[in-house]
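Read the structure below first, then the notes.
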Amino acid sequence: MKKLIDLKNVGKATLKDLHLLRINTVEELSKQDPTDLFHKLEKLTKSRQDPCVWDVFAAIIHEAKGGEPAGGGWWKWTRKRKEMQKKGQFHHFL
Numbered sequence: 006m007k008k009l010i011d012l013k014n015v016g017k018a019t020l021k022d023l024h025l026l027r028i029n030t031v032e033e034l035s036k037q038d039p040t041d042l043f044h045k046l047e048k049l050t051k052s053r054q055d056p057c058v059w060d061v062f063a064a065i066i067h068e069a070k071g072g073e074p075a076g077g078g079w080w081k082w083t084r085k086r087k088e089m090q091k092k093g094q095f096h097h098f099l
């Protein structure tokens with residue numbers, strides 16, 4: 006069974022964030038939404054997160070759902086987030 010740390014874009018900092026969010030398995034992660042996780046993390050830490058955290062969440066959720074790991078890395082999701090920002094669909098919770 007694959008562990009969170011086995012996902013291509015999960016390093017120590019992301020693993021810490023996932024545990025803070027009470028996500029401990031790939032199966033739990035596969036049921037999440039990157040925007041919801043991003044907002045929950047901002048609430049829990051009471052601080053604004055770098056928007057790239059959303060990109061990482063999107064990449065690892067995609068992989069957790071059985072998708073291919075982001076080819077070159079999490080930054081492949083940056084374009085989608087920036088498109089969401091332009092449309093007013095992405096914002097910080099704080």
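Under our numbering, think of the first position of the sequence shown as 6, with each following residue one higher.
Built from N, CA and C at the ideal position, the CB exists for glycine as well.
**Prompt:** Just reading off the alpha helix (DSSP H) that His65 is part of, what are its end residues?
**Reply:** Counted from its first residue, the sequence shown places residue 65 at position 60. Before going further, note that residue 65 is Ile rather than His in the sequence given. Per DSSP, Ile65 belongs to the alpha helix (DSSP H) from 57 to 69.
**Request:** Specify the secondary structure class of Lys31 as computed by DSSP and reduced to three states.
**Result:** As a first step, residue 31 is located in the sequence shown; it is residue number 26 there, counting from the start. Note on identity: in this sequence residue 31 is Val, with Lys being the wrong assignment. If DSSP states are grouped into helix, strand and coil, Val31 belongs with the helices.
**Message:** I need the DSSP call for Asp11, collapsed to helix, strand or coil.
**Reply:** As a working mapping, residue 11 is identified with position 6 in the sequence shown. If DSSP states are grouped into helix, strand and coil, Asp11 belongs with the helices.
**Item:** N- and C-terminal bounds of the alpha helix (DSSP H) containing Arg86
**Value:** Stepping through the sequence shown from its first residue, residue 86 is reached at position 81. Here the alpha helix (DSSP H) through Arg86 covers 83 to 91.
**Reduced DSSP category for Phe95 - H, G, I as helix; E, B as strand; rest coil** = For the purposes of this step, residue 95 is taken as residue 90 along the sequence shown, with counting starting at 1. DSSP places Phe95 in coil when its eight states are reduced to three.
**Prompt:** Between the C-alpha atoms of Leu25 and Lys87, what's the straight-line distance to the nearest angstrom?
**Reply:** Working through the sequence shown from its first residue, we reach residue 25 at position 20. Working through the sequence shown from its first residue, we reach residue 87 at position 82. Rounded to the nearest angstrom, the two C-alpha atoms are 26 Å apart.
**Prompt:** If you pair each beta-carbon of the stretch 49 to 69 with each one of the stretch 80 to 99, do three or more pairs fall below 8 Å?
**Reply:** Taking a cut-off of 8 Å for Cβ pairs, the stretch 49 to 69 and the stretch 80 to 99 touch, as three or more such pairs fall below it.
**Message:** Give me the residue from Leu99, Lys92, Gly78, Leu42 with the minimum Cα distance to Asn14.
**Reply:** As a first step, residue 14 must be located in the sequence shown, where it is residue number 9. Of Leu99, Lys92, Gly78, Leu42, the residue nearest in Cα terms is Gly78.
**Prompt:** Counting along the chain, where does the alpha helix (DSSP H) carrying Glu3 start and finish?
**Reply:** Nothing about residue 3 can be reported from this structure: the residues present for the chain run from 6 to 99 only.
**Candidates Leu49, Pro74, Gly71, Asp38, of which the one nearest Trp161 by Cα** = The chain is shown only over 6 to 99; residue 161 falls outside these bounds and no answer can be derived.
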